[in-house]
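Chemist: Residue 813 is where the sequence shown starts when you use the working numbering, and the numbers rise one by one after that. This is the structure, below, for whatever I ask next.
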Amino acid sequence: MKSFYQRQFMLMAGMVLLSFALLGSAFITLSYQYTIQDKRDSMERNAEFISEFTSAVQSSGLSLMDASYQAYVSSISRISDAYVIICRPNGRVILASEGAFQEGTAAPTIPAQICQELEANGDYSGMTNLGGLFPEQRYVAGRTVSISDFTGQSYESNLVFVAADTSSITELWRAVATIYFTTAVVVLLIAFISSSLTSMHQTRPLKQIADVARKFGHGELDARVTGCENRQDEVGELAEAFNAMADSLAKAEAKRSEFIANVSHELKTPMTTIAGFADGILDGTIPPEREKEYLKTISTETRRLSRLVRQMLDLSRMQSSENVTAQEPFDAVEVMLRVLVSLEPKINARHLDVNTDLPDGSVMVWGDPDAITQVCYNLLDNAIKFSTEGSTIGITVVTKAGKARISVRNTGETIPPEELPLLFDRFHKTDRSRSEDRDGVGLGLYIVKSILGSHKENITVTSEDGVTEFTFTLTLA
813 MKSFYQRQFM
823 LMAGMVLLSF
833 ALLGSAFITL
843 SYQYTIQDKR
853 DSMERNAEFI
863 SEFTSAVQSS
873 GLSLMDASYQ
883 AYVSSISRIS
893 DAYVIICRPN
903 GRVILASEGA
913 FQEGTAAPTI
923 PAQICQELEA
933 NGDYSGMTNL
943 GGLFPEQRYV
953 AGRTVSISDF
963 TGQSYESNLV
973 FVAADTSSIT
983 ELWRAVATIY
993 FTTAVVVLLI
1003 AFISSSLTSM
1013 HQTRPLKQIA
1023 DVARKFGHGE
1033 LDARVTGCEN
1043 RQDEVGELAE
1053 AFNAMADSLA
1063 KAEAKRSEFI
1073 ANVSHELKTP
1083 MTTIAGFADG
1093 ILDGTIPPER
1103 EKEYLKTIST
1113 ETRRLSRLVR
1123 QMLDLSRMQS
1133 SENVTAQEPF
1143 DAVEVMLRVL
1153 VSLEPKINAR
1163 HLDVNTDLPD
1173 GSVMVWGDPD
1183 AITQVCYNLL
1193 DNAIKFSTEG
1203 STIGITVVTK
1213 AGKARISVRN
1223 TGETIPPEEL
1233 PLLFDRFHKT
1243 DRSRSEDRDG
1253 VGLGLYIVKS
1263 ILGSHKENIT
1273 VTSEDGVTEF
1283 TFTLTLA
């Protein structure tokens, strides 16, 4: 299987090669055509110039053998890198620039067919060897030379041909192509090296993420992706997100381990008590007259174990993906009053007063009535446990900005600020709660927060000057 690096490198290399191939083909083709056409245009212009000059020379009565005329023809031939040939209409050559024909050619004659075509059309152009006068095919441009007699009538006196060796054009084109291909090879090498380095730079973090993921699968929860802290691209974001996920998983694993340890501790204490007292009764260590007292303790610890198991089952149901909270409208005031009535014996046992600030009529909210009933029960039960005996419990329900804000407060000891964020953790107990709430297991407030979290609602807690207040929200129906 090809790696991402290999696929990316091959894709980039293929795109660069294809781009250079297309650009190179277009460039070479256009440059060749331009060079050929430019040479042809130049030769046709030179043929026209020589034709006009020859016509002027002959019209003035000068001979084509005149030195000045021959010098002009030679200069045109030398400057344009072409051969100039002047012949009679019958094809007999009367003047040719140096090197125009092969050595040893005697009385050269232009083929009659070419002369006739030139006379018929007034011009001629094409690739030809002039019937074997040239050793190879050359581009030839031809023009007629017209002069006027004493009566003013014009007639064709001579023919002018300008021929160019295409080898010079081919050499020029080859030089251009060589320069292009050399440049292309250098650029391609640079492109391949840079694309290879870029691909490696991009894929190295991905390989590292894969390695770290495999380590996670083998239980190495402290593994992290490093070296991507300063990257500001998508790969850097991926590495950052992966590390954040790893931190969350590590914290979840730590909480799981802590949860198991706490459960073990909570189960161990009552089970040790139950086993010790039961063994004492069975082996006679505990006198018969005190058996009832110890049996009451066993019963109390058994009920505490039952509560712990029940709360853990409730917690498991809330955290299960199959547990979807059913939303329906209900009266929050009615739920709170119903819970208050159910806790009346506990309130009276601690000689507490209850101060309620409730709206007239009902306050309809959205949520799961049974789950919110448990929230209210846990908060009120918590307030009763930690209220100073003979003090007052306050219950407030207000509506604002589409929300119902429900508060439960009690008077007792002030909770230290550093303890407040920990109150909703599983099995968390303050030093005060450990001494005053021996029957609790530390899951009540965690269940409250979990229920409200499933409703996408918030809960806050404050504790100042001995007054502790829990406030949660519900959406108005």
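Ideal Cβ positions, reconstructed from N, Cα and C, are used throughout, including at glycine. The model shown is predicted, which means the values in this text are computed figures rather than measured ones.
Under three-state DSSP, which class holds Lys1215?
Modeler: In this structure, Lys1215 counts as strand in the three-state DSSP scheme.
Chemist: Got a sec? Which residues, its chain only, sit under 7 Å from Val988 by beta carbon, not counting five neighbours each side?
Modeler: Ser843
Chemist: Just list the residues that DSSP pairs Tyr895 with in beta bridges.
Modeler: Ala975
Chemist: Going by CA-CA distance only, name the one from Pro1181, Ile1205 and Thr1200 that's closest to Leu1191.
Modeler: Ile1205
Chemist: Kindly indicate which three-state DSSP category Arg1116 falls into: helix, strand or coil?
Modeler: helix
Chemist: Using the rule of at least 16 other Cβ atoms within 10 Å of the residue's Cβ for burial, across every protein chain shown, is Val1151 buried or exposed?
Modeler: Under this definition Val1151 is a buried residue.
Chemist: Are Leu1234 and Ser1275 closer than 9 Å when you measure CB to CB?
Modeler: no
Chemist: Using the Cα positions of Thr1114 and Ala1289, report the straight-line distance between them to the nearest angstrom.
Modeler: Distance between the alpha carbons of Thr1114 and Ala1289: 42 Å.
Chemist: Counting only runs of 3+ residues fully inside the segment 963-1047, write out the beta strand (DSSP E) ranges in chain order.
Modeler: Annotation note: the segment 963-1047 contains the following uninterrupted beta strand (DSSP E) runs of length 3 or greater, listed N- to C-terminal: 966-976.
Chemist: What residue range does the alpha helix (DSSP H) around Gly943 cover?
Modeler: Taken as a continuous stretch (DSSP letters only), Gly943 belongs to no alpha helix (DSSP H), as it is neither H nor E.
Chemist: With H, G and I counted as helix, E and B as strand and the rest as coil, what does DSSP make of Gly1278?
Modeler: coil
Chemist: Where do the ends of the beta strand (DSSP E) carrying Thr956 lie?
Modeler: Per DSSP, Thr956 belongs to the beta strand (DSSP E) from Arg950 to Ser960.
Chemist: Below 8 Å on the Cβ atoms is my contact criterion, and I expect Leu830 with Leu876 to pass it. Report the Cβ-Cβ distance as a whole number of Å.
Modeler: So it is not a contact: roughly 58 Å between Cβ atoms.
Chemist: Would you kindly check if the distance between the Cβ of Met855 and the Cβ of Ala996 is under 9 Å?
Modeler: Not closer than 9 Å, so no.
Chemist: Could you check what DSSP says for Asn1167 in three-state terms: helix, strand or coil?
Modeler: strand
Chemist: Using CA atoms only, rank isn't needed, just tell me which of Gly1265, Pro947 and Phe832 is closest to Phe1004.
Modeler: Phe832
Chemist: Tell me whether the segment 1083-1093 and the segment 1058-1065 touch, counting them as touching only if at least three CB pairs, one residue from each stretch, are closer than 8 Å.
Modeler: no
Chemist: My output table needs one value for Tyr1060: the three-state DSSP class, helix, strand or coil.
Modeler: First, the residue type needs correcting, since residue 1060 is Ser and not Tyr in the sequence shown. Helix at Ser1060.
Chemist: Anyone know if the C-beta pair for Val1187 and Val1260 falls short of 9 Å?
Modeler: Result yes, Cβ atoms of Val1187 and Val1260 sit closer than 9 Å.
Chemist: Just to confirm before moving on: does the CB-CB distance between Lys1215 and Leu1117 stay below 9 Å?
Modeler: no
Chemist: Comparing C-alpha positions only, which one of Lys1019, Thr1097 and Thr1109 sits nearest to Met1083?
Modeler: Thr1109
Chemist: Quick one, are the C-beta atoms of Lys933 and Thr866 less than 9 Å apart?
Modeler: It should be noted that the sequence gives Asn, not Lys, for residue 933. Taking 9 Å as the Cβ cut-off, Asn933 and Thr866 do not qualify as a contacting pair.
Chemist: For Ile848 and Trp985, I'd like the C-alpha separation in whole angstroms.
Modeler: C-alpha separation (whole angstroms): 9 Å.
Chemist: Let me know the secondary structure DSSP gives Ile1227 once reduced to three states.
Modeler: coil
Chemist: Does any C-beta atom of chain C lie closer than 9 Å to the C-beta of Ile1086?
Modeler: In the displayed structure, chain C is absent; only one protein chain is listed.
Chemist: Using a Cβ-based criterion (distance less than 8 Å to any ligand heavy atom), does Ala1066 qualify as near the ligand ATP?
Modeler: You won't find the ligand ATP in this model; it holds no ligand whatsoever.
Chemist: Give the DSSP bridge partners of Leu789, in chain order.
Modeler: The requested residue 789 does not occur in the structure, where the chain is confined to residues 813 to 1289.
Chemist: Please report how far the alpha carbon of Pro1181 lies from the alpha carbon of His1267, in whole angstroms.
Modeler: Roughly 11 Å between the two C-alpha positions.
Chemist: Is the beta carbon of Ala912 less than 9 Å from the beta carbon of Ile926?
Modeler: no
Chemist: Select from Ile1227, Asn941 and Ala1035 the residue whose C-alpha is nearest the C-alpha of Gly1278.
Modeler: Among Ile1227, Asn941 and Ala1035, the Cα nearest to that of Gly1278 belongs to Ile1227.
Chemist: As a quick exercise: from Gly873, Arg857, Glu1281 and Ser1008, pick the residue whose alpha carbon is nearest that of Leu823.
Modeler: Ser1008
Chemist: Just to confirm before moving on: does the CB-CB distance between Val972 and Gly954 stay below 9 Å?
Modeler: yes
Chemist: For Gln1020, which option in Ser1154, Gly1031, Glu1032 and Cys1040 has the closest C-alpha, if you only look at C-alpha atoms?
Modeler: Cys1040
Chemist: Straight-line CA distance for Glu1101 to Thr1112?
Modeler: In this structure, the alpha-carbon of Glu1101 lies about 19 Å from that of Thr1112.
Chemist: For a test of the three-state rule: what should DSSP assign to Arg1162, helix, strand or coil?
Modeler: coil
Chemist: Measure the C-alpha to C-alpha separation of Ser1245 and Phe1198 and round it to an integer number of angstroms.
Modeler: At Ser1245, the pLDDT of 47 sits below 50, so the modelled position is not reliable and the matter cannot be decided from this model.
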